[in-house]
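Novice: All the letters of the sequence shown, read from the start, carry residue numbers 3 to 91 under our numbering. Just so you know, even glycine gets a beta-carbon here, dropped at the ideal spot from N, CA and C. These numbers come from a predicted model, not from an experiment. Take this structure, written in C-alpha cells, and hold onto it; I'll ask about it next.
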Amino acid sequence: EMFETYQPQWAEAQFLSTRSAKTSNPFSEWIWGGMQYQLEHHLFPTMPRSKYPLLKPILEKFAKDNNIEGGYRESGEFEILKMNWELYK
C-alpha cells in the first residue's frame with residue numbers, strides 16, 4: 003500500500019544515491035541518532051525515526067521485487083566513516 007504510486011525514477015534514485023549504516027552496538031545506534039537509516043529517511047522524511055527499523059525489511063523486499071540495481075545498500079558504520087573521510091580529504 004505504501005508503494006501504490008511507485009515512481010521508478012525517483013524511488014530508484016534514492017536507492018542508488020544513498021546507503022544506510024549498519025551499527026555495531028546500542029551506543030552506536032544512539033550516536034548515529036537515526037541517521038544510520040539514510041534510505042528510509044530519504045524516502046520518508048516525515049516519518050518518525052523510531053519507525054525506520056520497521057521499514058527496513060519492507061524496503062529490502064521492495065528493492066528485490068523491483069530489481070533495483072544494488073538493492074538495499076548498507077555498509078558498516080566504520081566503513082561509511084572511512085568512505086566519507088576519503089571523499090573529503
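1) Tell me which residue opens and which closes the beta strand (DSSP E) that LYS84 is part of.
2) Given a threshold of 16 other Cβ atoms within 10 Å of its Cβ, counted over all protein chains shown, does PHE17 qualify as buried or as exposed?
3) Out of curiosity, what's the CA-to-CA distance linking GLU88 and PHE80?
4) By alpha-carbon positions, which one of TRP34, ARG51, LYS66, TYR54 ends up nearest to ILE82?
5) For HIS44, which residues in the same chain have their Cβ closer than 6 angstroms to its Cβ, ignoring the five residues on either side in sequence?
Specialist: In short, the structure shows the following:
1) Per DSSP, LYS84 belongs to no beta strand (DSSP E); it is in the alpha helix (DSSP H), 79-90.
2) buried
3) 12 angstroms
4) TRP34
5) GLN16, THR20
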